[in-house]
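Using the UniProt record's numbering, read the sequence shown as starting at 1 and increasing by one per residue.
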Amino acid sequence: MSSVTFDLTRFPIPNKLFIGGKWVDGVTNNTQSLTSAVNDEVVCKDLQWADTKDVDIAVESAAEGFQAWQALSKYTTYSPYGVCAAIVPFNGPLVCYALKAASALAAGNSLIVKASELNPFSTLFIVSLAIEAGIPPGVINCITGDGATGSALAAHMKIRKISFTGSLPVARKVQVAAAQSNLKSVTLELGGKSPVIVYPDANLDKATEFCCHFLMLNGQGCMLGTRVYLHESIFDEMMPKIEATMQAYENNLGSDPLDQTTWSSPMFHRRQRESVLKFIEDGKKEAKLVRGGDIVEGKGCYIRPAIFTDPSPNARVLKEEIFGPVVVVCKFKHDDEILSLANDTDNKIEAGMIGINGLPWAPNTTFGGWKQIQQSKQVATTQNSKTICGFFINDPYSVFRWDRWLIADKQNDWIIGNTR
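#1: Taking the alpha-carbon positions, what's the R172 to F121 distance?
#2: May I ask you to list the residues that DSSP assigns as paired with T187?
#3: Across which residues does DSSP place I19 in a beta bridge pair?
#4: Going by beta carbon distance, what residues of the same chain come within less than 8 Å of V317, once the five residues before and after it are set aside?
#5: Within 10 Å of its beta-carbon, does residue 445 have 16 or more other beta-carbons around it, so buried, or fewer, so exposed?
#6: Which term fits I338, buried or exposed, when burial requires 16 or more other beta carbons within 10 angstroms of its beta carbon?
#7: Report the rounded CA-to-CA distance for P137 versus L190, giving the unit in angstroms.
#8: Tell me the rounded alpha-carbon separation between C44 and T52.
#9: Does the Cβ-Cβ distance between I87 and T144 come in under 8 Å?
#10: For A85, write down the residues that DSSP places opposite it in a beta bridge.
#11: Take T208 as the anchor and find which of M223, A248, Y78 and G292 has the nearest alpha-carbon.
#12: Mind the definition here: the region 197-205 touches the region 69-85 only if three or more C-beta pairs lie below 8 Å; say whether that holds.
#13: Hey, out of V170, E132 and I140, whose CA is closest to T149's CA?
#14: Candidates M239, R227 and D335: which alpha carbon is nearest K319's?
#15: Exposed or buried, which one is A106 when buried takes at least 16 other CB atoms within 10 Å?
#16: So V174 packs on A154, CB below 8 Å; how close in whole Å?
#17: Nearest to A130 by alpha carbon, out of D146, S151, G147 and S110?
#18: When the Cα of G300 is compared with those of A315, R270 and P313, which residue comes out closest?
#19: Is it the case that the Cβ atoms of C212 and I234 are separated by a distance below 8 Å?
#20: Should M267 go down as buried or exposed, given a rule of 16 or more other Cβ atoms within 10 Å for buried?
#21: Tell me the DSSP bridge mates of L289?
#22: Is it the case that the Cβ atoms of I140 and V83 are separated by a distance below 8 Å?
#23: Which class does V326 belong to by DSSP, given the choice of helix, strand or coil?
#24: Residues in the same chain with beta-carbon distance under 8 Å from L94, minus the five sequence neighbours each way, listed in chain order, please.
#25: Under the three-state reduction of DSSP, which class applies to F332: helix, strand or coil?
#26: Helix, strand or coil: which one does DSSP assign to G225?
#27: Tell me the residue span of the beta strand (DSSP E) that contains Q48.
#28: Taking C-alpha atoms, which residue in K331, F332, G254 and T261 lies nearest to G298?
#29: Between the alpha carbons of K184 and G221, how many angstroms are there, rounded?
#30: Looking only at its chain, what residues have a beta carbon closer than 8 Å to the beta carbon of D146, apart from the 5 residues adjacent to it on each side?
#31: Could you pull the start and end residues of the beta strand (DSSP E) that N141 belongs to?
#32: In whole angstroms, give me the CA-to-CA distance for T28 and N39.
#33: With DSSP as the reference, identify every bridge partner of H231, one or two as the case may be.
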């Protein structure tokens, strides 16, 4: 192997002070000698050595230079994208609209909102209030339509940013259309398969309520916990409680939704009911169906809430978002095992948001998850962050107190227990 040498004589050793753009001697002309650590030879015998007077001169020189330098551009400015688009889902039209519109308008953008074709009315109404609030005409617009309308927005050359909340297959189409048009910026907030983790020191009655919390929206929410992991020491005690809660919910199915005593709801569309029934049929081959899973006879889109246990590791009901009244209940033994189980899905985990004895979404934090369910978070753009909200028994500042809440979640984890 040949060696390479450098001719150091070509580069004179800088032995002076560099102040005010030039080489100068120190005020007192003090010098020091430096030797090489390689061979102990003298490298420089007269290196100028600054004292306090030289420091003062350097400071004055820097202050003088600052006067001219500060007049140059010294900060980063942010400009709005311009025309943005937002596609909101059927199950949270107002919340999703607020998340997308607030940041877009605050940054100075104009916005086109595509309402869900299945329930557009609330979105259309609230968008119309913009005029009454003093927002100029055209700044916020709302249109209706199906997938073709959404595709037109994603592919439009004058739209510079699009935010989509919905399913993973549709999100891929939005991403492709955005890339093939003008490479517009894309924010995606997709499905979840959130775990609820219950430790043996939890209040089991309250924990049961939250294990069945997904029923309040019939499982039709990306932030609902539809995988329940019970510590093996409490599994046999909690399962009857969960089944009883499911039965109480089922008894309320089909009631008038405008009656204040009604706390159940239908599937949002018959096509969604058929999708859920297909999941349930597949689940019977990969897990044990404990109860429910069939159609409630009569009018409306209702399914009896289903419980699965003992799923195979790759069961669809365990890994994929169902968006229906279906929960999978599993056992775990120790922390290392539950960390692995909770993260074993591409539908979110690692985990975007974590709640400890309380809701994991605080209004002053980012919103969203990791893995395939999120590309760029709502209310944040540059970091893959985690939101952890802990609510403990003796915390007087908790917004959600232990005596009212145990846990809730998004594409996130729900952890139930006094100290975890």
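Note that beta-carbon positions come from the ideal geometry of N, C-alpha and C, so glycine has one too.
Reading it off the structure:
#1: For this step, residue 172 is matched to residue 172 along the sequence shown. For this step, residue 121 is matched to residue 121 along the sequence shown. Each residue's alpha carbon lies about 27 Å from the other.
#2: Here residue 187 corresponds to residue number 187 of the sequence shown, with the count starting at 1. Beta-bridge pairing by DSSP links T187 to S163.
#3: Mapped onto the sequence shown, residue 19 falls at position 19. Note: I19 sits in a beta bridge opposite K22.
#4: Position 317 of the sequence shown, counting from 1, holds the residue named residue 317. Once the five neighbours on either side are set aside, the close Cβ partners of V317 are F279, I280, D282, G283, E286, A287, F308, P311, V326 and V328.
#5: There is simply no residue 445 to check, as the chain begins at 1 and stops at 420 in what is shown.
#6: Start at 1 with the first residue of the sequence shown, and residue 338 comes out as number 338. It is buried - the Cβ of I338 has at least 16 other Cβ atoms within 10 Å.
#7: Your numbering for residue 137 matches position 137 in the sequence shown. Your numbering for residue 190 matches position 190 in the sequence shown. The C-alpha of L190 is placed about 31 Å away from the C-alpha of P137.
#8: Locating residue 44 in the sequence shown gives position 44, where the first residue counts as 1. Locating residue 52 in the sequence shown gives position 52, where the first residue counts as 1. The alpha-carbon atoms of C44 and T52 are separated by roughly 22 Å.
#9: By one-based count along the sequence shown, residue 87 stands at place 87. By one-based count along the sequence shown, residue 144 stands at place 144. No, they are not a contact pair.
#10: In the sequence shown, the residue the question calls residue 85 occupies position 85. A85 pairs with I112 and I162.
#11: Working through the sequence shown from its first residue, we reach residue 208 at position 208. Comparing Cα positions, the closest option is A248.
#12: Verdict: no, contact absent.
#13: Taking the first residue of the sequence shown as position 1, residue 149 is located at position 149. From the listed residues V170, E132 and I140, the smallest Cα separation to T149 is found for V170.
#14: Indexing the sequence shown from 1 puts residue 319 at position 319. Taking only the C-alpha atoms, the option nearest K319 is R227.
#15: Within the sequence shown, the letter at position 106 stands for residue 106. Counting Cβ neighbours within 10 Å, A106 comes out exposed, since fewer than 16 surround it.
#16: Start at 1 with the first residue of the sequence shown, and residue 174 comes out as number 174. Start at 1 with the first residue of the sequence shown, and residue 154 comes out as number 154. The pair is a contact, with the Cβ atoms about 5 Å apart (cut-off 8 Å).
#17: For this step, residue 130 is matched to residue 130 along the sequence shown. From the listed residues D146, S151, G147 and S110, the smallest Cα separation to A130 is found for S110.
#18: Indexing the sequence shown from 1 puts residue 300 at position 300. For G300, the closest alpha carbon among the candidates A315, R270 and P313 is that of R270.
#19: Reading the sequence shown from its first residue, position 212 is the one you call residue 212. Reading the sequence shown from its first residue, position 234 is the one you call residue 234. Taking C-beta atoms as the reference points, C212 and I234 fail to come closer than 8 Å.
#20: Here residue 267 is taken as the residue at index 267 of the sequence shown, counted from 1. Answer is buried; the Cβ neighbour count reaches 16.
#21: Here the question's residue 289 lines up with position 289 in the sequence shown. BP columns for L289 point to F308.
#22: Here residue 140 corresponds to residue number 140 of the sequence shown, with the count starting at 1. Here residue 83 corresponds to residue number 83 of the sequence shown, with the count starting at 1. Not a contact, by the Cβ cut-off of 8 Å.
#23: Numbered from its first residue, the sequence shown carries residue 326 at position 326. V326: strand per DSSP, three-state reduction.
#24: Counting from 1 along the sequence shown, the entry for residue 94 is found at position 94. In the same chain as L94, and ignoring 5 residues on each side of it, the C-beta atoms closer than 8 Å to its own belong to S122, T123 and I126, in chain order.
#25: For the purposes of this step, residue 332 is identified with residue 332 of the sequence shown, where counting begins at 1. Note: F332 maps to strand in three-state DSSP.
#26: Here residue 225 refers to the residue found at position 225 of the sequence shown. DSSP places G225 within a strand segment (E or B) once states are collapsed to three.
#27: The residue labelled residue 48 in the question sits at position 48 within the sequence shown. V42 to Q48 is the span of the beta strand (DSSP E), which, as asked, contains Q48.
#28: Taking the sequence shown and counting its residues from 1, one reaches residue 298 at position 298. For the residues K331, F332, G254 and T261, the minimum Cα distance to G298 belongs to G254.
#29: Translated into positions along the sequence shown, residue 184 becomes position 184. Translated into positions along the sequence shown, residue 221 becomes position 221. If I take the Cα positions, the gap works out to 27 Å.
#30: Numbered from its first residue, the sequence shown carries residue 146 at position 146. So the list reads E117, once near-sequence residues are dropped.
#31: Counting from one through the sequence shown, the residue named residue 141 turns up at place 141. Note, N141: beta strand (DSSP E), I140 to I143.
#32: If you number the sequence shown from 1, residue 28 lands on position 28. If you number the sequence shown from 1, residue 39 lands on position 39. Straight-line Cα distance between these residues: approximately 31 Å.
#33: Here residue 231 is taken as the residue at index 231 of the sequence shown, counted from 1. Paired residues: F332.
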